[in-house]
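**Q** Residue numbers (my numbering): 1413 to 1562.
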């Protein structure tokens, strides 16, 4: 079951998370957006490093330039989301629904994409060095040719 997060509450969560990041966990609070209904929202350039977004719905969201390094994105639904130049280094995207997502120039280095669905996703210029792609669904040679693997 997804939980609705009003925009004012989302802004508070992001501010608390920023304080948590800036203080190395001494103040603020790590963002817990697990099971959140965030479809179609603009999280452009949001700093969600190490946040918990597991099981969230971010379908069609604008997450261009988002900082998601080390974030928990297990089972997230991001169909049709835009993650252009997003930093997803070390993120856990296992079992994620990334169908038709725009991951152009995103940094997916060392990300866990085990069992994620990348059907129709755009990976033009994406950095995939060290990314775990075991059992990834729908990934094609064409997608890999357009990405950087080394």
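For each residue, glycine too, the CB sits at the ideal point set by N, CA and C.
Report the three-state DSSP secondary structure of residue 1429 (helix, strand or coil).
**A** Three-state result, residue 1429: helix.
**Q** Quickly, what does DSSP pair residue 1448 with across the bridge? List them, please.
**A** Note: residue 1448 sits in a beta bridge opposite 1415.
**Q** Report yes if the C-beta distance between residue 1466 and residue 1485 is below 8 Å; otherwise report no.
**A** Result yes, Cβ atoms of residue 1466 and residue 1485 sit closer than 8 Å.
**Q** What's the gap between the Cα of residue 1534 and the Cα of residue 1430?
**A** Residue 1534 and residue 1430: Cα-Cα distance of roughly 30 Å.
**Q** Taking the Cβ atom as the reference point for each residue, do residue 1513 and residue 1488 lie within a distance shorter than 8 Å?
**A** No, they are not a contact pair.
**Q** Kindly give me the distance between the Cβ atoms of residue 1476 and residue 1498, rounded to whole angstroms, as I take these residues to be in contact under 8 Å.
**A** With 8 Å as the limit, residue 1476 and residue 1498 qualify as a contact, their Cβ atoms being about 7 Å apart.
**Q** Look at the alpha carbon of residue 1551 and the alpha carbon of residue 1530, and state the distance between them as a whole number of angstroms.
**A** Roughly 6 Å separates the two Cα atoms.
**Q** Given a threshold of 16 other Cβ atoms within 10 Å of its Cβ, counted over all protein chains shown, does residue 1491 qualify as buried or as exposed?
**A** That one is buried.
**Q** Name the two residues that bound the continuous alpha helix (DSSP H) containing residue 1514.
**A** Unbroken run through residue 1514: none, as it is neither H nor E.
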